[in-house]
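A.B. asks: In my numbering, the protein residues as written are 1415 to 2078. The C-beta atom is built at its ideal place from N, Cα and C for all residues, glycine as well. This one's a predicted model, so the numbers in the text were calculated from it and none came from an experiment.
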């Protein structure tokens, strides 16, 4: 039998009775205590005698030809059991023979008679010094020979037991023979119950049953239950064996594959290198699972295959992304304010709004930041404001140029289905920054276009939505990345070309431009030192008089910002260096009268209002990207066929309607 039902020893049904058996003295019956062994009536069974008390009792009982009681201990670990530490139900047995074994131990062959029950301690006079008890007989009720139900149960017990024995290895043939040829069904039940490896408590319960038929029913139930368990365990062992064999086969194939790779491609160990790098990266659980899966794909691709480079670059991108790496926010507000003031002169309202946001982020570092959009004419300092914000916050900074972008894949990334695929510009900027909370400047967001490749503005909706960018999905990276900690600052020249849904996600900050006095101060503080550094000269070599800067701003530039002014200052610097190389004398400070020599004739002459009483001339105001301008509007009478108003020049609809109303 398997597992719990394993046969433990060889048994006999009966032996020839060569001597007359004495009736047991149940008032003082010598006892042999067995460990985890229950003997049933009518069964002959060998026991190994290990304890001196057992050897003495069995030997004297054999010599005097007297029966003994055989009981099982309640605690198998007890070395010297008392009468009250035995199960009360046992059997009376005769000692048939005693054997001396080759290993020095002694074995006794016991033949069980009937069932008995302990009623108290014995006097110990039958075999002095041995354990003895008082007992009474407990007869078994045998089924009628014509009881078909019992006969069927006995046959099923035989079939089930033989099936288990045949599956076991190293089982005694004589036991199988006895079970196959036992003539009495009741003896068959006791034989199987004695040899089966059930727990002692279950065997005692079967032994206590007064009806052999009830014992057979209990035995059959236990056999069927343990047969099912044995079958399940056998199936598990077979599956385990198959899995082990399959695993060993895969290991052998993998070793052969690695040997072939080394022979074909030399010492190429990108797999081990990636695996070592990945151990130090705090991937999220889902990303780690994806990485391990893609790393196994790399292992199966030949290094000279085109797909190898695609897979290699993808794994390198996953490792390079700043998983869990953050810059600590600057907590010194005074320092942040000083940085903004030192980098930018003027723009007080704009700086106040940015300082408000910095104050909120310092007060609540875990809060979500709004998307700021700086709107203004070219050259007013939108990009440099983004750099100053990053420096004031102590964060990494990256610029993402969106001007002229018309492919949606530039934002969401390319799918890894072809050679040359790459992540989108957003994920690439985050990777280059090395931090998961950088300041990303989305430059020229108003100049994106759309065609058959998609609409980048629509892709930006997910990027610039704090509710969605927590799980931003780049097609190349193919795993979610948290962009909620990124501070996005967009720049635009106008809002008219920005789609309304995208505009709705951003907070607009208008940068109108600089006054004349502010431009002069910006030139002295920032432009002249920067141009001097680019040209490799001292700032004093580009020293301007105040009037010279005013003349340069009014006569040579027409802008809201200072970009053209910086170009004019650089032109003056180049001309002075050229004069110095030619050996000419270069004056120390640049006066207003010297600008014509360096810059040529003034390119623009601003209109100036002068009180005039000339009929037909009026003064108007106009808005331009470079600021406000005054316009002189002239009207004349001319002969005509009808009273019709003729308008000349490039006038807008509002001006035309105003003229018609004035005529009426």
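On the DSSP bridge list, what partners appear for residue 1728?
C.D. replies: As a working mapping, residue 1728 is identified with position 314 in the chain shown. Bridge pairing for residue 1728: absent [DSSP].
A.B. asks: Based on DSSP bridge pairs, tell me the residues matched to residue 1811.
C.D. replies: Taking the chain shown and counting its residues from 1, one reaches residue 1811 at position 397. For residue 1811, which the question treats as bridged, DSSP gives the partners 1853.
A.B. asks: For residue 1481, which option in 1491, 1729, 1437 has the closest C-alpha, if you only look at C-alpha atoms?
C.D. replies: The residue given as residue 1481 occupies position 67 in the chain shown. Closest by alpha carbon: 1437.
A.B. asks: Going along the chain, which unbroken runs of the beta strand (DSSP E) with 3 or more residues stay wholly within the stretch 1627–1694?
C.D. replies: Whole beta strand (DSSP E) segments, 3+ residues: zero.
A.B. asks: With H, G and I counted as helix, E and B as strand and the rest as coil, what does DSSP make of residue 1460?
C.D. replies: Walking along the chain shown from the start, residue 1460 turns up at place 46. Residue state, collapsed to three classes: strand.
A.B. asks: Thinking residue 1442 and residue 1537 are a contact (beta carbons under 8 Å), I'd like their distance in whole angstroms, please.
C.D. replies: Translated into positions along the chain shown, residue 1442 becomes position 28. Translated into positions along the chain shown, residue 1537 becomes position 123. Correct: roughly 5 Å between the Cβ atoms.
A.B. asks: Should residue 1681 be labelled buried (16 or more other beta-carbon atoms within 10 Å of its own) or exposed?
C.D. replies: One-based indexing of the chain shown puts residue 1681 at position 267. Here the model assigns residue 1681 a pLDDT of 49, short of 50, so the residue's position is not dependable, and the following value carries that caveat. By the 10 Å Cβ count, residue 1681 comes out exposed.
A.B. asks: Have a look at the DSSP bridge pairing and note the partners of residue 1512.
C.D. replies: Counting from one through the chain shown, the residue named residue 1512 turns up at place 98. According to DSSP, residue 1512 shares a beta bridge with 1522.
A.B. asks: Which first and last residues belong to the beta strand (DSSP E) in which residue 1474 is found?
C.D. replies: Within the chain shown, residue 1474 is the residue found at index 60, counting from 1. First-last for residue 1474: 1466–1478, but that is the alpha helix (DSSP H), not the beta strand (DSSP E).
A.B. asks: What residues in its chain sit with their C-beta under 8 Å from that of residue 1888, if we drop five residues either side in the sequence?
C.D. replies: To locate residue 1888, count along the chain shown from 1; it is residue 474. 1826, 1827, 1837, 1838, 1840, 1841, 1895.
A.B. asks: DSSP has residue 1906 in a bridge; who is on the other side?
C.D. replies: Locating residue 1906 in the chain shown gives position 492, where the first residue counts as 1. Residue 1906 pairs with 1789.
A.B. asks: Mind pulling the beta strand (DSSP E) runs of 3 or more residues that sit fully within the stretch 1726–1788?
C.D. replies: none
A.B. asks: Is the CB-CB distance between residue 1571 and residue 1621 below 9 Å?
C.D. replies: Mapped onto the chain shown, residue 1571 falls at position 157. Mapped onto the chain shown, residue 1621 falls at position 207. No; because the gap between Cβ atoms is not below 9 Å, this pair is not in contact.
A.B. asks: Which value, in whole angstroms, describes the spacing of the CA atoms of residue 2070 and residue 1902?
C.D. replies: Stepping through the chain shown from its first residue, residue 2070 is reached at position 656. Stepping through the chain shown from its first residue, residue 1902 is reached at position 488. Approximately 43 Å, taken between the alpha carbons.
A.B. asks: Tell me the rounded alpha-carbon separation between residue 1425 and residue 1609.
C.D. replies: The count along the chain shown starts at 1 and reaches residue 1425 at position 11. The count along the chain shown starts at 1 and reaches residue 1609 at position 195. Because residue 1425 sits at a pLDDT of 45, beneath the cut-off of 50, its placement in the model cannot be relied upon, and the following sentence gives the value as read from the coordinates. For residue 1425 and residue 1609, the gap between their C-alpha atoms comes out near 8 Å.
A.B. asks: So, using beta-carbon positions, are residue 1921 and residue 1784 closer together than 9 Å?
C.D. replies: Locating residue 1921 in the chain shown gives position 507, counting from the first residue. Locating residue 1784 in the chain shown gives position 370, counting from the first residue. Taking 9 Å as the Cβ cut-off, residue 1921 and residue 1784 qualify as a contacting pair.
A.B. asks: Considering residue 1711, what are the terminal residues of the beta strand (DSSP E) in which it resides?
C.D. replies: By one-based count along the chain shown, residue 1711 stands at place 297. Unbroken run through residue 1711 is the alpha helix (DSSP H), 1699–1713; no beta strand (DSSP E).
A.B. asks: Is it true that the CB of residue 1933 sits closer than 9 Å to the CB of residue 1976?
C.D. replies: Working through the chain shown from its first residue, we reach residue 1976 at position 562. Working through the chain shown from its first residue, we reach residue 1933 at position 519. With respect to residue 1933, residue 1976 sits close: the two C-beta atoms are nearer than 9 Å.
A.B. asks: Could you tell me the boundaries of the beta strand (DSSP E) in which residue 1546 lies?
C.D. replies: Within the chain shown, the letter at position 132 stands for residue 1546. Where residue 1546 is concerned, the enclosing beta strand (DSSP E) stretches over 1546–1551.
A.B. asks: When we look at the beta-carbon of residue 1736 and count the other beta-carbons within 10 Å, is it buried (16 or more) or exposed?
C.D. replies: In the chain shown, the residue the question calls residue 1736 occupies position 322. It is buried - the Cβ of residue 1736 has at least 16 other Cβ atoms within 10 Å.
A.B. asks: Name the DSSP bridge partner or partners of residue 1920?
C.D. replies: Here residue 1920 corresponds to residue number 506 of the chain shown, with the count starting at 1. In DSSP, residue 1920 forms a bridge with 1785.
A.B. asks: Distance check for residue 1474 and residue 1632, CA to CA, integer angstroms please.
C.D. replies: To locate residue 1632, count along the chain shown from 1; it is residue 218. To locate residue 1474, count along the chain shown from 1; it is residue 60. Whole-angstrom Cα-Cα distance: 37 Å.
A.B. asks: Beta-carbon within less than 7 Å of residue 1879's beta-carbon, same chain only, minus the 5 sequence neighbours each way: which residues are those?
C.D. replies: Within the chain shown, residue 1879 is the residue found at index 465, counting from 1. Correct list, in chain order: 1919.
A.B. asks: Short check: CB of residue 1451 to CB of residue 1522, under 9 Å?
C.D. replies: For the purposes of this step, residue 1451 is taken as the residue at position 37 of the chain shown. For the purposes of this step, residue 1522 is taken as the residue at position 108 of the chain shown. Contact: no.
A.B. asks: Would DSSP call residue 2066 helix, strand or coil?
C.D. replies: Here residue 2066 refers to the residue found at position 652 when the chain shown is read from its first residue. Three-state result, residue 2066: coil.
A.B. asks: Would residue 1800 pass as a contact of residue 1925 if the rule is Cβ separation under 9 Å?
C.D. replies: On the chain shown, residue 1800 is found 386 positions in, with the first residue counted as 1. On the chain shown, residue 1925 is found 511 positions in, with the first residue counted as 1. No. Outside cutoff.
A.B. asks: With H, G and I counted as helix, E and B as strand and the rest as coil, what does DSSP make of residue 1616?
C.D. replies: If you number the chain shown from 1, residue 1616 lands on position 202. Three-state result, residue 1616: helix.
A.B. asks: If you follow the alpha helix (DSSP H) that residue 1577 is in, where does it begin and where does it stop?
C.D. replies: Sequence index remark: in the chain shown, residue 1577 carries index 163 (1-based). Element bounds for residue 1577: 1562–1581.
A.B. asks: Given a threshold of 16 other Cβ atoms within 10 Å of its Cβ, counted over all protein chains shown, does residue 1544 qualify as buried or as exposed?
C.D. replies: Numbered from 1 along the chain shown, position 130 holds the residue referred to as residue 1544. Answer is buried; the Cβ neighbour count reaches 16.
A.B. asks: Take residue 1767 and list the residues in its own chain whose beta-carbon comes closer than 7 Å to its own, dropping the five residues that flank it on each side.
C.D. replies: One-based indexing of the chain shown puts residue 1767 at position 353. The residues are 1923.
A.B. asks: Could you check where the beta strand (DSSP E) with residue 1483 kicks off and where it finishes?
C.D. replies: Position 69 of the chain shown holds residue 1483. Where residue 1483 is concerned, the enclosing beta strand (DSSP E) stretches over 1482–1486.
A.B. asks: Going by DSSP in three states, residue 1894 sits in which element: helix, strand or coil?
C.D. replies: Reading the chain shown from its first residue, position 480 is the one you call residue 1894. Strand at residue 1894.
A.B. asks: Pairing CB atoms from the stretch 1993–2013 with CB atoms from the stretch 1955–1963, are three or more of them under 8 Å?
C.D. replies: Counting Cβ pairs under 8 Å, three or more are found: they touch.
A.B. asks: May I have the straight-line CA-CA distance separating residue 1574 from residue 1580, to the nearest angstrom?
C.D. replies: Stepping through the chain shown from its first residue, residue 1574 is reached at position 160. Stepping through the chain shown from its first residue, residue 1580 is reached at position 166. Their backbone Cα atoms lie some 10 Å apart in a straight line.
A.B. asks: Using the three-state DSSP reduction, which class does residue 1872 fall into: helix, strand or coil?
C.D. replies: On the chain shown, residue 1872 is found 458 positions in, with the first residue counted as 1. Looking at residue 1872 - three-state DSSP - the assignment turns out to be helix.
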